[in-house]
Structure formats: C-alpha cells, structure tokens
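Residue numbers (UniProt numbering): 1 to 79. For every residue, glycine included, the Cβ atom is placed at its ideal position computed from N, Cα and C. A short write-up of the structure that comes next.
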C-alpha cells in the first residue's frame, strides 16, 4: 500500500452529472467575488460547438471591443 488514494467518479441515472450545474456554480462565484478592474461581470456560457463559440465571440468580445476602442479614441485616449 503506497498511501496514494485514487477516486473514481462517474455519472449515472441515479446521480447524473450536468454541465449546467458547473456553469451555474462558476457564474455564481463570478458574481459573489467580482473582479476589481472588470468593465462588466464575466459570464461563463458553455456552447455545444466551435462554430457557435466563434459567432458568440464576435458579438460578445469583438464588437464591444471595437466600440470601446472607438469611444476611447474619440475622447482623446489611447485604446
């Protein structure tokens, strides 16, 4: 006996594992312990495909970033 403990975790019909529970828990922690210098609250959303992730990234990351950069430039700042 080497003293190393090994745990085997599985999902079953009795106690199924759901990714939505992980998503909800992480989003709860993100709001309970907010980041100090964030522009807005981070939010975790698990998507079923890379294609949906890329479309989402355009609307959630790229477009807002371009808008904030444009506003910063218009106000005389450096993005």
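Query                                                                                                                            : Result
Would you kindly work out how many angstroms separate the C-alpha atoms of residue 11 and residue 17, rounded to a whole number? : 5 Å
Provide the residue span of the alpha helix (DSSP H) that contains residue 28, from first to last.                               : 19 to 32
Under 8 Å between the Cβ atoms of residue 44 and residue 23?                                                                     : yes
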